[in-house]
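*Asks:* Structure in structure tokens, see below.
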Amino acid sequence: MGSYQQDMKMDLDQSPIDVLSELRKQCPPELQEYLNTFEDLYDRKLWHQLTLKIEEFFSIPASGPFQIPLFQHFISDWEARMNKLKLVTLGLSVVKQFNDKNQALAFLMSLVEKVNTPETRDAYVHAVMETAYTKLLLGDFEGTKSSIDECEKILDKFDSVETVIHASFYKVCAEYFKAKANFPEFYKSALLYLACINLDALTPDEKTNRAYDLAISALLGETIYNFGELLMHPILDSLKGTPHEWLRNLLFAYNAGDLAKFETLSVNFAQMTILQDNIVFLRQKICLMSLIEAVFQRSSDNRAISFSTICSVTLLPPEEVEYLIMKALSLKLIRGSIDQVREVVTVTWVQPRVLDLVQIDGMRQRLQEWDENVKKTAIVVENETPELFVQ
């Protein structure tokens with residue numbers, strides 16, 4: 001690849017047609033017809049058709065070594081006539097051919113300038129975010145964050161934008177927050193990124209890695225107590241049949257507040273330092289989830305729960321129960337009040353969350369009980385005050 005770049009640097013005065021002729025000599029036979037087509041479409045000034053043909057060319061793996069000179073010395077001649085979002089897309093294919101990250105960054109920064117106009121803000125955001133990703137790889141966290149903040153303000157002004165733009169934005173946000181170990185923000189950005197792409201475009205390894213990262217962030221996120229969106233997302237099934245399948249099972253255990261299952265699965269923490277180092281937090285989190293589950297299992301008119309009941313549910317010593325309740329209140333997992341004298345917490349609201357089949361069946365039974373109580377009450381009222389009813 002480097003030799004092609006050097007050759008083209010020595011022939012900067014060549015015309016676009018001469019560039020194609022030079023590349024044609026170096027291309028394998030299966031690519032030469034593309035270069036003939038490029039020349040024909042260029043001569044006829046059919047810019048849209050030429051753009052589509054170049055996109056097709058770039059999609060062929062064998063075209064990789066020729067993309068840099070083609071972009072810099074052929075496309076650059078007529079790029080003003082190209083759709084700017086397509087220009088960026090082609091540029092993002094080209095940048096993958098650079099082995100040196102600093103050279104790649106310089107190329108991307110020049111691409112940003114090509115689309116930095118009021119009329120092409122969508123393409124500008126796309127280019128800036130991909131440039132930010134390269135900055136992140138080079139350890140420039142401040143530059144990456146500055147780009148994120150700039151593009152977020154631009155995106156907020158759009159009524160609508162192509163999903164590829166949002167995908168680029170959320171991908172870089174996720175990678176930035178992952179590098180900063182900001183689990184809640186990574187979790188949010190990673191799920192938004194997945195919502196913007198076709199999962200089939202990811203390789204099996206990419207799916208597994210993203211599912212793994214999301215599972216870890218869900219477990220370690222200090223404000224994440226609702227795993228619903230992740231539990232329902234097909235990405236999580238990527239962990240099935242892998243050494244990390246137990247993480248998927250652990251998330252469902254947390255969602256159900258299942259302490260017994262947590263204890264069984266937590267033996268795996270020994271092989272994962274990041275979880276083992278946070279074992280105290282993870283235990284508190286499962287206790288909070290079991291408290292939420294205990295509240296959820298009760299009817300709305302039976303949510304005055306004694307500290308002793310919470311002890312038995314969470315397996316905590318009595319002196320730690322009140323702190324757990326206060327933690328749940330501060331995290332807004334529940335709403336209610338504590339009677340310290342009677343050692344009772346009265347819960348008026350519990351955070352909604354996704355239910356598994358067992359929890360759904362429990363809700364069905366409670367609805368049936370409620371329905372029966374309503375019928376009994378209606379019969380009592382009807383018998384005692386018949387004059388209130390029209391016969």
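Mapping of the sequence shown onto full-length UniProt numbering: position 73 corresponds to residue 73, and the numbering continues sequentially without gaps. For every residue, glycine included, the Cβ atom is placed at its ideal position computed from N, Cα and C. Quantities reported herein were computed from a predicted structural model and do not represent experimental measurements.
Would you grab the beta carbon distance between Leu259 and Leu315 for me? Rounded to a whole angstrom, and I think it's under 8 Å.
*Replies:* 6 Å
*Asks:* Along the chain, where does the alpha helix (DSSP H) that runs through Arg24 open and close?
*Replies:* Pro16 to Gln26
*Asks:* Let me check understanding here. Comparing Cα to Cα, which of Lys207, Gln26, Phe57 and Glu22 lies closest to residue 398?
*Replies:* Within the shown structure, residues of the chain are numbered from 1 to 391, placing residue 398 beyond reach of any answer.
*Asks:* Leaving out five residues before and five after Asn226 in sequence, what residues of the same chain have Cβ atoms less than 8 Å from its Cβ?
*Replies:* If we look at Asn226 and ignore the five residues flanking it on each side, its Cβ neighbours are Gln351, Pro352, Arg353 and Val354.
*Asks:* Identify the continuous beta strand (DSSP E) that holds Arg335 and give its terminal residues.
*Replies:* Ile334 to Asp339
*Asks:* Counting only runs of 4+ residues fully inside the segment 285-326, write out the alpha helix (DSSP H) ranges in chain order.
*Replies:* As far as the segment 285-326 is concerned, its whole alpha helix (DSSP H) runs of at least 4 residues are 307-314.
*Asks:* Can you give the Cα-Cα distance for Met289 and Tyr254, rounded to whole angstroms?
*Replies:* 6 Å
*Asks:* Report the three-state DSSP secondary structure of Val161 (helix, strand or coil).
*Replies:* coil
*Asks:* Ignoring anything shorter than 4 residues, give me the alpha helix (DSSP H) runs that lie fully in the segment 171-219, in order along the chain.
*Replies:* 183-195
*Asks:* For Val345, which residues does DSSP report across the bridge?
*Replies:* Ile305 and Ile338
*Asks:* Relative to the C-alpha of Asp237, which candidate in Glu222, Leu199, Thr264 and Glu263 has its C-alpha closest?
*Replies:* Leu199
*Asks:* Give the C-beta separation of His126 and Leu85 to the nearest angstrom, bearing in mind that I take them to be a contact with Cβ-Cβ under 8 Å.
*Replies:* Sure, about 7 Å apart at Cβ, within 8 Å.
*Asks:* Go ahead and pull the three-state DSSP assignment for Val350.
*Replies:* strand
*Asks:* Can the beta-carbon of Thr268 be found closer than 7 Å to that of Trp246?
*Replies:* Correcting the residue identity first, residue 268 is Asn in this sequence and not Thr. It is a contact, given that the beta carbons lie within the stated cut-off.
*Asks:* Tell me which residues share the same chain as Ser189 and place their Cβ nearer than 7 Å to its Cβ, disregarding the 5 neighbours each side in the sequence.
*Replies:* Only Tyr170, Cys173, Ala174 and Phe177 meet the Cβ criterion.
*Asks:* Determine the DSSP secondary structure at Leu52, reduced to helix, strand or coil.
*Replies:* helix
*Asks:* So is Met8 buried or exposed if we call it buried at 16+ other beta carbons inside 10 Å?
*Replies:* In this predicted model, Met8 has a pLDDT of only 43, less than 50, meaning its place in the structure is not dependable; the value taken from the coordinates is given anyway. With 16 or more Cβ atoms within 10 Å of its Cβ, Met8 is classed as buried.
*Asks:* Would Gln32 and Ile68 be called neighbours here (beta carbons separated by less than 7 Å)?
*Replies:* no
*Asks:* Excluding the 5 residues preceding and the 5 following Ala179 in the sequence, name in chain order all residues of the same chain whose CB lies nearer than 8 Å to its CB.
*Replies:* Leu136 and Phe141
*Asks:* Helix, strand or coil, according to DSSP, for Asn116 in the structure here?
*Replies:* Assigned with DSSP and collapsed to three states, Asn116 falls in coil, not helix or strand.
*Asks:* Within 10 angstroms of the Cβ of Ala201, are there 16 or more other Cβ atoms? Answer buried if so, exposed if not.
*Replies:* With fewer than 16 Cβ atoms within 10 Å of its Cβ, Ala201 is classed as exposed.
*Asks:* Are at least three pairs of beta-carbons, each pair with one atom in the segment 205-213 and one in the segment 153-171, less than 8 Å apart?
*Replies:* no
*Asks:* Between Cys27, Asp40, Leu219 and Glu79, which lies nearest to Phe262 when the distance is taken from Cα to Cα?
*Replies:* Closest option to Phe262, Cα to Cα, is Leu219.
*Asks:* Nearest-angstrom Cα distance between Ser300 and Val347?
*Replies:* 9 Å
*Asks:* Between Leu50 and the rest of its own chain, which residues show a CB-CB distance below 7 Å, the 5 nearest in sequence each way excluded?
*Replies:* Phe38, Leu41 and Tyr42
*Asks:* Who are the Cβ neighbours of Cys196 in its own chain at under 7 Å, not counting the five residues just before and after it?
*Replies:* So the qualifying residues of the chain are Thr163, His166, Ala167 and Tyr170.
*Asks:* My output table needs one value for residue 394: the three-state DSSP class, helix, strand or coil.
*Replies:* Because the chain is modelled from 1 through 391, residue 394 falls outside the range shown and cannot be assessed.
*Asks:* How long is the line joining the alpha carbons of Leu105 and Asn249, rounded to whole angstroms?
*Replies:* 41 Å
*Asks:* In three-state DSSP terms, what is Asp277?
*Replies:* coil
*Asks:* I'd like the list of long-range same chain contacts for Ala294, defined as Cβ closer than 6 Å, with 5 residues on each side in sequence excluded.
*Replies:* Within the same chain, Ala294 has close Cβ partners Val313.
*Asks:* Assuming Ala304 and Val344 form a contact by the criterion Cβ under 8 Å, report the distance between their Cβ atoms to the nearest whole angstrom.
*Replies:* 5 Å
*Asks:* Taking the beta carbon of Ser15 as the centre, do at least 16 other beta carbons fall within 10 Å, making it buried, or is it exposed?
*Replies:* Residue burial annotation: Ser15 is exposed, with fewer than 16 other C-beta atoms found within 10 angstroms of its C-beta.
*Asks:* With a Cβ-Cβ cutoff of 7 Å, do Val128 and Val115 count as a contact?
*Replies:* no
*Asks:* Let's see if you can read the secondary structure: which residues bound the alpha helix (DSSP H) around residue 392?
*Replies:* Beyond the ends of the chain as shown, which are 1 and 391, falls residue 392; an answer cannot be given.
*Asks:* Whole-angstrom Cβ separation of Leu251 and Leu282, contact assumed at under 8 Å?
*Replies:* Not confirmed; about 12 Å, so no contact.
*Asks:* For Ala270, collect the residues of the same chain with a Cβ closer than 8 Å to its Cβ; drop the 5 residues on either side in sequence, then sort them by chain order.
*Replies:* Excluding positions up to five away in sequence, the list reads Gln276.
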